[in-house]
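Colleague: This is the structure I have questions about; it appears just below.
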Amino acid sequence: MPTLSIQGVIRFAVSKLQSESARLDTEILLSHVLKKPRSYLYAWPEKILSDEERAQFDQLLSRRLQGEPMAYITGVKEFYGREFRVQPGVLVPRPETELLIDLVLETCGHWEKACLYDLGTGSGAIGITLACEKPSWSVTCTDQSELALSVARHNADLLGVQLNVEQRDWCESLPADSVDIIVSNPPYIAEDDAALEKAVAEHEPKVALIADNDGFSDFDRIIEGAKSCLKPGGYIFLEHGYDQAKNLQQRLLAAGFSGLELHKDLAGHDRAVLARL
276 MPTLSIQGVI
286 RFAVSKLQSE
296 SARLDTEILL
306 SHVLKKPRSY
316 LYAWPEKILS
326 DEERAQFDQL
336 LSRRLQGEPM
346 AYITGVKEFY
356 GREFRVQPGV
366 LVPRPETELL
376 IDLVLETCGH
386 WEKACLYDLG
396 TGSGAIGITL
406 ACEKPSWSVT
416 CTDQSELALS
426 VARHNADLLG
436 VQLNVEQRDW
446 CESLPADSVD
456 IIVSNPPYIA
466 EDDAALEKAV
476 AEHEPKVALI
486 ADNDGFSDFD
496 RIIEGAKSCL
506 KPGGYIFLEH
516 GYDQAKNLQQ
526 RLLAAGFSGL
536 ELHKDLAGHD
546 RAVLARL
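Using the working numbering, the letters of the sequence shown map in sequence onto residues 276 to 552.
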């Protein structure tokens with residue numbers, strides 16, 4: 276790329292990316308390189324990038340052209356108004372998962388005390404957000420992945436929140452009648468699901484996305500464990516695929532849960548279910 280101003284770099288990169296989010300992606304990458312807010316790009320469009328800045332931007336642009344998620348390139352992803360650190364090997368938090376936060380707060384937010392477990396926490400986005408919103412609650416983030424747990428601990432430290440982080444396989448070894456709230460965004464995509472985006476399949480951890488038994492194997496394990504570890508009257512909140520609501524509802528009812536509620540995401544797709552033991 277020849278010597279270019281900010282506006283020249285933006286034009287060049289947008290023409291290369293040729294995607295719906297090309298302009299936004301370019302501005303985010305350029306802001307990341309310059310360590311400035313996006314508003315700076317509009318205030319100083321004639322600023323010439325240094326050789327070092329241009330080389331760094333070229334490198335990031337190349338990664339984006341290969342389909343790597345923006346969050347992995349910049350190392351951060353916003354979730355519920357807070358920035359979370361992410362890295363390859365840990366699932367990128369999705370905007371639709373914020374629905375789980377809303378449901379927990381709407382349903383249980385009036386509780387002064389609660390013992391909450393975020394199962395399969397990944398970056399810690401769900402558990403840490405709820406710990407920030409409800410500092411009087413006892414929140415524990417669990418995951419099988421040591422990498423995910425280290426990222427979750429780092430995010431908790433950065434956001435100044437006190438919680439527990441444990442390596443655990445779903446509800447394994449949790450004492451009976453010990454938990455008030457279980458919340459989880461487990462793997463729920465079937466192995467042969469053609470809807471899985473190529474970029475996601477190539478770059479994000481499949482273990483955090485794909486589940487056996489048509490995407491229900493981890494749901495079944497969570498529900499079975501929740502029957503034991505939840506206190507009577509305790510709640511479970513689960514994110515699921517757009518076509519899994521009815522099947523998941525049947526599984527919860529068969530396990531003895533009641534008061535089921537199905538909720539849609541902003542795109543109008545069935546996305547989350549809550550139930551009470």
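Positions of the beta carbon are idealized from the N, C-alpha and C atoms, including for glycine.
When the Cα of Ala431 is compared with those of Arg360, Ser290 and Leu549, which residue comes out closest?
Modeller: Within the sequence shown, the letter at position 156 stands for residue 431. The option with the nearest alpha carbon to Ala431 is Arg360.
Colleague: Can Pro480 and Leu340 be called in contact, C-beta distance under 8 Å?
Modeller: Residue 480 sits at position 205 when you count from the first residue of the sequence shown. Residue 340 sits at position 65 when you count from the first residue of the sequence shown. No, they are not a contact pair.
Colleague: Which of the three DSSP states is assigned to Phe494 in this structure?
Modeller: Translated into the one-based positions of the sequence shown, residue 494 becomes position 219. DSSP places Phe494 in helix when its eight states are reduced to three.
Colleague: Measuring CA to CA, which of Pro368, Leu316, Ala542 and Leu422 is closest to Val475?
Modeller: Position 200 of the sequence shown holds residue 475. It is Pro368.
Colleague: Alpha carbon to alpha carbon, how far is Arg551 from Phe512?
Modeller: For the purposes of this step, residue 551 is taken as residue 276 along the sequence shown, with counting starting at 1. For the purposes of this step, residue 512 is taken as residue 237 along the sequence shown, with counting starting at 1. When rounded, the distance between both Cα atoms is 9 Å.
Colleague: Do Glu466 and Ile485 have their C-beta atoms closer together than 8 Å?
Modeller: Taking the sequence shown and counting its residues from 1, one reaches residue 466 at position 191. Taking the sequence shown and counting its residues from 1, one reaches residue 485 at position 210. Result yes, Cβ atoms of Glu466 and Ile485 sit closer than 8 Å.
Colleague: From the DSSP output, in three-state form, read off Val367 for me.
Modeller: Your numbering for residue 367 matches position 92 in the sequence shown. Reduced to three states, the DSSP call for Val367 is coil.
Colleague: Among residues of its own chain, excluding the 5 on either side of Lys322, which ones have a beta-carbon nearer than 8 Å to its beta-carbon?
Modeller: The residue given as residue 322 occupies position 47 in the sequence shown. So the qualifying residues of the chain are Ser280 and Ile281.
Colleague: Taking the continuous beta strand (DSSP E) assigned at Thr415, which residues delimit it?
Modeller: Here residue 415 refers to the residue found at position 140 of the sequence shown. Its beta strand (DSSP E) spans residues Ser413 to Asp418.
Colleague: Could you pull out every residue in the same chain whose Cβ sits closer than 6 Å to the Cβ of Tyr347, ignoring the five residues on either side in sequence?
Modeller: Taking the first residue of the sequence shown as position 1, residue 347 is located at position 72. Pro363, listed in sequence order.
Colleague: Tell me which same chain residues have a C-beta within less than 6 Å of the C-beta of Ala400, skipping the five on either side of it?
Modeller: The residue labelled residue 400 in the question sits at position 125 within the sequence shown. Excluding residues within five positions, the ones whose Cβ falls inside 6 Å are Phe354, Phe359 and Pro368.
Colleague: Would you call the stretch 297-310 and the stretch 318-336 in contact, with 3 or more CB pairs under 8 Å?
Modeller: yes
Colleague: Take Gly342 as the anchor and find which of Asn439, Val436 and Lys291 has the nearest alpha-carbon.
Modeller: Position 67 of the sequence shown, counted from the first residue, corresponds to residue 342. Here the closest residue by C-alpha is Lys291.
Colleague: Label Gly500 either buried or exposed according to how many other C-beta atoms from any shown protein chain fall within 10 Å of its C-beta, with 16 as the threshold for buried.
Modeller: Stepping through the sequence shown from its first residue, residue 500 is reached at position 225. Under this definition Gly500 is a buried residue.
Colleague: Counting pairs of beta carbons, one from the stretch 387-406 and one from the stretch 432-447, are three or more of them closer than 8 Å?
Modeller: These segments touch.
Colleague: Whole alpha helix (DSSP H) runs in the stretch 387-438 with 4 or more residues, listed along the chain?
Modeller: 400-408 and 421-433
Colleague: Is Val440 close to chain C, meaning its C-beta is less than 8 Å from at least one C-beta of that chain?
Modeller: Absent from the structure is chain C; it holds one protein chain and no more.
Colleague: Going by beta-carbon coordinates alone, are Gly395 and Asn460 separated by less than 8 Å?
Modeller: As a working note, residue 395 is residue 120 in the sequence shown. As a working note, residue 460 is residue 185 in the sequence shown. Their beta carbons are under 8 Å apart, which means Gly395 touches Asn460 by this criterion.
Colleague: Taking the alpha-carbon positions, what's the His503 to Phe494 distance?
Modeller: The count along the sequence shown starts at 1 and reaches residue 503 at position 228. The count along the sequence shown starts at 1 and reaches residue 494 at position 219. Note that residue 503 corresponds to Ser in the displayed sequence, not to His. Distance between the alpha carbons of Ser503 and Phe494: 15 Å.
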